[in-house]
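> So the protein sequences, as listed, match chains A and B. Per this note's numbering, the first sequence runs over residues 14 to 292. Per this note's numbering, the second sequence runs over residues 12 to 166.
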Amino acid sequence: MDRKDEIHALFEALRQESADTAPPEGLKERIFARIDQSEQALSSEDLRAIDPDVEPDIEGWPVGHWLRRETTELVSERSSDWPSFSESVMARVTRAPALESSDVLAPEAEGVSIRELLLDERSQEMARMEGKWTAFAAQIMADLDRRASDELDAQAVDLLRAEVDREMHVRSPDFEEHFKHEVDRRIFNRGRAGPSLWERLQGWWAEHTAYGWGLGATAAAAAVLVVAMPRTPGVVGPGTESESAAHLSGEVLIDAIAFEGDVIMYPDEGVTVVLLSGV
Amino acid sequence: MLRLLVTRLLSTALVAAMVVGGASMFAPAQAAPTVDVHIDIIKGSRDTKGFQGGAKVFKKVLSEMGFVGAKTIDTVTATKRSVGSTIELRFRDPGAGNAERSIIVKVLEASKKRTRFHVQIPTYRFSTQTTHKDGGALITGIPKHGLFLAVRPGS
Chain A
14 MDRKDEIHAL FEALRQESAD TAPPEGLKER IFARIDQSEQ ALSSEDLRAI
64 DPDVEPDIEG WPVGHWLRRE TTELVSERSS DWPSFSESVM ARVTRAPALE
114 SSDVLAPEAE GVSIRELLLD ERSQEMARME GKWTAFAAQI MADLDRRASD
164 ELDAQAVDLL RAEVDREMHV RSPDFEEHFK HEVDRRIFNR GRAGPSLWER
214 LQGWWAEHTA YGWGLGATAA AAAVLVVAMP RTPGVVGPGT ESESAAHLSG
264 EVLIDAIAFE GDVIMYPDEG VTVVLLSGV
Chain B
12 MLRLLVTRLL STALVAAMVV GGASMFAPAQ AAPTVDVHID IIKGSRDTKG
62 FQGGAKVFKK VLSEMGFVGA KTIDTVTATK RSVGSTIELR FRDPGAGNAE
112 RSIIVKVLEA SKKRTRFHVQ IPTYRFSTQT THKDGGALIT GIPKHGLFLA
162 VRPGS
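#1: Rounded C-beta distance between B:Val94 and B:Ala148? I'm assuming under 8 angstroms.
#2: Would you mind telling me which residues of chain A sit closer than 7 angstroms to B:Lys144, beta carbon to beta carbon, in chain order?
#3: What three-state label does DSSP hand B:Ile153 in the structure shown?
#4: Any C-beta of chain A sitting closer than 7 angstroms to the C-beta of B:Val79?
#5: Figure out for me which residue from B:Thr139, B:Thr59 and B:Ile132 has the closest Cα to the Cα of B:Phe102.
#6: When you compare each of A:Val196, A:Val284, A:Pro280 and A:Phe272 to A:Ser290 by their alpha carbons, which one comes out closest?
#7: With a cut-off of 8 angstroms on the beta carbons, I'd call B:Lys144 and B:Pro105 a contact; round off their distance for me.
#8: With a threshold of 7 angstroms between beta-carbons, can A:Ala175 be considered close to chain B, or not?
#9: From the DSSP output, which residues share a beta bridge with B:Phe137?
#10: Going by DSSP, what residue range makes up the alpha helix (DSSP H) through A:Val213?
#11: Determine the extent of the beta strand (DSSP E) in which B:Val48 is found, giving its start and end residues.
#12: If you count every other CB in all the chains shown that lies within 10 Å of the CB of A:Arg205, and 16 or more means buried, which is it?
#13: So, helix, strand or coil for B:Ser93, using DSSP?
#14: Out of curiosity, what's the CA-to-CA distance linking B:Arg158 and B:Ile114?
#15: Would DSSP call A:Asp268 helix, strand or coil?
#16: Using a cut-off of 9 angstroms between C-beta atoms, extract the partners of B:Gln63 located in chain A.
#17: Cα-Cα, which of B:Lys60, B:Leu25, B:His129 and B:Val72 is closest to A:Leu261?
#18: Can you look up B:Leu20 in the DSSP assignment and give me helix, strand or coil?
#19: Who are the near neighbours of A:Ile277 in its chain, counting only those whose CB is closer than 6 angstroms to its CB and skipping five residues on each side?
#20: Could you tell me the alpha carbon to alpha carbon distance between A:Leu210 and B:Leu20, rounded to whole angstroms?
#21: Indicate the three-state DSSP secondary structure (helix, strand or coil) for A:Ser185 in the structure shown.
#22: Please tell me whether B:Arg125 has its Cβ less than 7 angstroms away from any Cβ of chain A.
#23: Whole angstroms are fine: how far does the CA of B:Leu25 sit from the CA of B:Ile50?
#24: Could you give the DSSP three-state label for B:Ser74: helix, strand or coil?
#25: Which of helix, strand or coil does DSSP assign to A:Met278?
#26: Using a cut-off of 7 angstroms between C-beta atoms, extract the partners of B:Ser138 located in chain A.
#27: Which one or two residues does DSSP pair with B:Lys117 in a beta bridge?
#28: Around the C-beta of A:Val196, are 16 or more other C-beta atoms found within 10 angstroms, so that it is buried, or is it exposed?
#29: Do we get a CB-CB distance below 7 angstroms when we pair B:Val72 with the residues of chain A?
#30: Output the distance between the C-alpha atoms of B:Thr86 and B:Thr23, rounded to the nearest integer angstrom.
#31: Is the CB of A:Ile200 under 7 angstroms away from at least one CB in chain B?
#32: Decide if the segment 55-63 of chain B is in contact with the segment 77-85 of chain B; the criterion is three or more beta carbon pairs, one per stretch, under 8 angstroms apart.
#33: DSSP on B:Ser122, reduced to helix/strand/coil?
#34: How would you label A:Pro208, buried or exposed, when you count the other beta carbons within 10 angstroms and need 16 or more for buried?
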């Protein structure tokens, strides 16, 4: 009896003896283990020896169906450990015997080996997990983790330094703006408050101390001159009694005269009268 | 420190200049001769009696012209005017509706014995050159307005 017939006979016996239920846990492991043992014939005795309680649960379950389901569930469970699972599946697929049985396997799997089934399942699962998690990304992360553990401190310092430099470059105008605003605010408050009394005295003293001796000397000299200066009459304006004599004296001679009209001139005591007519 | 030193030097120089200038006032006068110039604007009246203010000096002359009274409506005395200086007095002529007039006197010569003036009344296009000896007054009159302008040197 070849292997195919053995498997067929095994599952036929199982189908007859048990209801159509899901296979128990651990079966897949045992089936995988049995598949690995490709050189050994798979008999009912062998299967019962592996798991005596399995027989009632796998009735009507073709091997291919089981394999597909088990692979799907296993992939879902081990999605976080895909690399190791993938390796284990590939290892098992590599070792899986090229079993061919249209009776044992699912009708759609006719002429397809278990290895190909597993590969198909694997590719379908990989497509389903596309974008969510990939082996390549996992490998990259693993390398990063391995590298990060060695120089984590140096990387952290470099990252922080770069971050600080970038922030300083971006925010430097704000610092200048803040500085200018602060200066303006202080000048404004200073101008509004005004100098204190002591500050004003200090400013006055600093401004006038240098001229102190000069002012004193000039004031003294001015005082001396004012006291000693004789009185001299200035220009006397209208409304005041000008210095006039009680009578006129002297004489006035007319050297030249110019007028567009008639002129009458006559001398008198101390005066010369010139009368203009035709004005 | 430098500022203090410069300031003190300037102050000292100023004091010295004032002292010298004050001393020069007591020095014998060797400057150019000067003369005081008196200008009186007199309004004569044939109705109102009485000669007031500076018009009293010219009472005799005005009375001879038939004025019973007169008063000084404006006067100016320019002291120590040197040769070449000009004195201008603006006044209002009551006889011409208080129109503004002016008389300009220029000193041509100034000495103790003799003084020469150039007197000008631009509005009336009148000008004359006079020589005053021992004082003496020039009276330029407009009888129609009763206005008399008297110019005389002072001591």
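Even for Gly, the Cβ is constructed at its ideal location relative to N, Cα and C.
So, from the listed chains and residues:
#1: So it is not a contact: roughly 20 angstroms between Cβ atoms.
#2: Gly263 and Glu264
#3: strand
#4: no
#5: B:Ile132
#6: A:Phe272
#7: That pair is no contact at about 33 angstroms.
#8: no
#9: B:Ile132
#10: Looking at the sequence shown, residue 213 of chain A is not Val but Arg. Element bounds for A:Arg213: Leu210 to His221.
#11: Thr45 to Ser56
#12: exposed
#13: strand
#14: The sequence given here places Leu at residue 158 of chain B; Arg does not occur at that position. The straight-line gap from Cα to Cα measures roughly 12 angstroms.
#15: strand
#16: None at all; the shortest Cβ gap to chain A is about 11 angstroms.
#17: B:Val72
#18: helix
#19: Leu288
#20: 32 angstroms
#21: helix
#22: no
#23: 39 angstroms
#24: helix
#25: strand
#26: Ala271
#27: B:Thr97 and B:His129
#28: exposed
#29: yes
#30: 43 angstroms
#31: no
#32: yes
#33: coil
#34: exposed
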